[in-house]
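Asks:
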Amino acid sequence: MKRTIALLLALMMIFALCACGNNDTPKGNDGDTAEYNKIELKYSINGTSTSIEAQVANLFKEKIEAATNGAVTVTIFTDAQLAGGDLGASVEAAQTGVMDIYCADTSVVAALNPSIGASAIPFAYSSYADVEKAYDTTGGEYIANILKDHNLSYVTYAHNGLQCVTCSKVQLDTPEAFKNIKIRISGTQLNKDMYTALGADPSALNWGEVYTALQNGTYDAQSNSPATIKSGNIQEVQKYLAVTRHTYGAFLISFYTPTLDSLNDATKELVIAKLKEASKEVNTNTAAQEDEILKELADGGLEVSYLTEDQVSAFKEALKDVIAKYKAEYGQEACDAFLIP
Numbered sequence: 598m599k600r601t602i603a604l605l606l607a608l609m610m611i612f613a614l615c616a617c618g619n620n621d622t623p624k625g626n627d628g629d630t631a632e633y634n635k636i637e638l639k640y641s642i643n644g645t646s647t648s649i650e651a652q653v654a655n656l657f658k659e660k661i662e663a664a665t666n667g668a669v670t671v672t673i674f675t676d677a678q679l680a681g682g683d684l685g686a687s688v689e690a691a692q693t694g695v696m697d698i699y700c701a702d703t704s705v706v707a708a709l710n711p712s713i714g715a716s717a718i719p720f721a722y723s724s725y726a727d728v729e730k731a732y733d734t735t736g737g738e739y740i741a742n743i744l745k746d747h748n749l750s751y752v753t754y755a756h757n758g759l760q761c762v763t764c765s766k767v768q769l770d771t772p773e774a775f776k777n778i779k780i781r782i783s784g785t786q787l788n789k790d791m792y793t794a795l796g797a798d799p800s801a802l803n804w805g806e807v808y809t810a811l812q813n814g815t816y817d818a819q820s821n822s823p824a825t826i827k828s829g830n831i832q833e834v835q836k837y838l839a840v841t842r843h844t845y846g847a848f849l850i851s852f853y854t855p856t857l858d859s860l861n862d863a864t865k866e867l868v869i870a871k872l873k874e875a876s877k878e879v880n881t882n883t884a885a886q887e888d889e890i891l892k893e894l895a896d897g898g899l900e901v902s903y904l905t906e907d908q909v910s911a912f913k914e915a916l917k918d919v920i921a922k923y924k925a926e927y928g929q930e931a932c933d934a935f936l937i938p
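Set out below in structure tokens:
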């Protein structure tokens, strides 16, 4: 009897040790690795490796790979590589699953529905707080409702920024200064109409070609956020920068819906959470560091001019017909969603 009891106790100890051994599965910061799908996500951005888009992508990669102990990995493709460097083609590629995560400026994504670009209406916002109030609520919901019909699941956004203008010839701090200036724009009709109304000569060009085009004089000017101007080294080929904050651009970040739907609930919730965390951190830094970036651009050789209230009023007056046209074209629903005054 004693031998039987001893044998039973020994077997119980063996089972207990086996059970403990089965709990040795490596854990990520957010739970068991076994909970998460093993998958490689292709993350496509249209910007360079030093752009705001890249900052978000790299931070997301760091966060999600750590949280899943490498079950989810991220490969980042810059400069619209997966679409042959063509920004317009990247929208089509995103809808067919060429990439799993797609990040592009509203001016590019607006090819699917122009009203996505309503936040670019001239002088709609005067601060990043105004922008975030719109995008974090009804604006984001509006975007998601449109993109879901195009195989894209909108997750979050990153600031492309309140835009400024640089020029090699003159300081563009008055409407009159734009006359006959050849300015590179993103390819939306709103941008074309806005600069045409100011007397400029606007045309579109892929971002990767802008530095050379400014350097060789094909263009006199371009418009972008201070962060994008810095990441593109535009201060090396331009002389003047006017802090106009005349229009806002966002980078919209979406999943290819079939990829997102293929993930189990734990993985899906985590990738969305980490993507939002990454964009939020970068957005906070973008807004906080803008003054510092402008100082760096000035130190890099740009002559920086800040608009007065009277100058802002002059631009609004010069663009009043364009503003009215696009508020009507985008419609009340879009304007309300993006909190356009």
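Each residue of the sequence shown is one higher than the one before, counting from 598 in the working numbering.
C-beta atoms are modelled at their ideal positions from N, C-alpha and C, and glycine is treated no differently.
With which residues is residue 820 paired in a DSSP beta bridge?
Replies: Paired residues: 762.
Asks: Closer than 6 Å by C-beta to residue 757: which residues in its own chain qualify, once you throw out the five before and the five after it? Chain order, please.
Replies: Correct list, in chain order: 702, 822, 846, 847, 848.
Asks: Please list, in chain order, all residues of the same chain as residue 736 whose beta carbon is under 8 Å from its beta carbon, the five residues on each side excluded.
Replies: Same-chain partners within the cutoff: 716, 934, 935, 936.
Asks: Is DSSP giving residue 627 helix, strand or coil here?
Replies: Any reading at residue 627 needs caution, since the residue's pLDDT is 49, under 50, leaving its predicted position unreliable; the model's value is listed next. Reduced to three states, the DSSP call for residue 627 is coil.
Asks: At what residues does the alpha helix (DSSP H) containing residue 867 begin and finish?
Replies: 862-896 is the extent of the alpha helix (DSSP H) around residue 867.
Asks: In whole angstroms, give me the CA-to-CA distance for residue 760 and residue 858.
Replies: Distance between the alpha carbons of residue 760 and residue 858 is about 36 Å.
Asks: May I ask you to list the residues that DSSP assigns as paired with residue 702?
Replies: Answer is 848.
Asks: Can you look up residue 636 in the DSSP assignment and give me helix, strand or coil?
Replies: Correct three-state label for residue 636: strand.
Asks: Spatial neighbours of residue 784 within its chain, please: CB distance less than 6 Å, with the 5 preceding and 5 following residues excluded, ordered by chain position.
Replies: Correct list, in chain order: 801.
Asks: According to DSSP, what are the bridge partners of residue 716?
Replies: Residue 716 pairs with nothing; no bridge assigned.
Asks: Among residues of its own chain, excluding the 5 on either side of residue 850, which ones have a beta-carbon nearer than 6 Å to its beta-carbon?
Replies: Result list for residue 850: 700, 752, 753, in chain order.
Asks: Could you please give the first and the last residue of the uninterrupted beta strand (DSSP E) stretch that includes residue 839?
Replies: Where residue 839 is concerned, the enclosing beta strand (DSSP E) stretches over 837-840.
Asks: Please name the residue in 844, 755, 872, 891 whose C-alpha comes closest to that of residue 789.
Replies: Closest option to residue 789, Cα to Cα, is 844.
Asks: Tell me the rounded alpha-carbon separation between residue 621 and residue 897.
Replies: Low local confidence applies: a pLDDT of 37 at residue 621 is under 50, so the model's placement there is unreliable, and no value is given.
Asks: Please classify residue 603: is it buried, with 16 or more other beta-carbons within 10 angstroms of its beta-carbon, or exposed?
Replies: For residue 603, the predicted structure reports a pLDDT of 44, less than 50, and the residue's modelled location is therefore unreliable. The matter cannot be settled from this model.
Asks: Helix, strand or coil for residue 775 per DSSP?
Replies: Here residue 775 sits in helix by DSSP.
Asks: Buried or exposed: residue 770, going by 16 or more other Cβ atoms within 10 Å of its Cβ?
Replies: Per the 10 Å Cβ criterion, buried.
Asks: Straight-line CA distance for residue 798 to residue 666?
Replies: When rounded, the distance between both Cα atoms is 52 Å.
Asks: Buried or exposed: which applies to residue 829, given that a residue is buried once 16 or more other Cβ atoms fall within 10 Å of its Cβ?
Replies: Buried.
Asks: Please classify residue 650 as buried or exposed, where buried requires at least 16 neighbouring CB atoms within 10 angstroms.
Replies: Label assigned to residue 650: buried.
Asks: Cα-Cα, which of 915, 827, 729 is closest to residue 877?
Replies: Per the Cα distances, 729.
Asks: Taking the alpha carbon of residue 680 as the point to measure from, which residue in 643, 656, 664, 659 has its own alpha carbon closest?
Replies: Considering only alpha carbons, the answer is 643.
Asks: Please classify residue 818 as buried or exposed, where buried requires at least 16 other C-beta atoms within 10 Å of its C-beta.
Replies: Buried is the call here.
Asks: Can you list, in chain order, the residues of its chain whose CB lies under 6 Å from that of residue 648, leaving out five sequence neighbours each side?
Replies: Cβ neighbours of residue 648 beyond the five flanking positions: 828.
Asks: Can you tell me where the beta strand (DSSP E) with residue 799 in it begins and where it stops?
Replies: Residue 799 -> beta strand (DSSP E) spans 798-801.
Asks: With the cut-off set at 8 Å, would you say residue 662 and residue 670 are in Cβ contact?
Replies: For residue 662 and residue 670, yes; Cβs fall inside 8 Å.
Asks: Would you mind reading off the limits of the alpha helix (DSSP H) that contains residue 807?
Replies: Segment 807-812, the alpha helix (DSSP H) holding residue 807.
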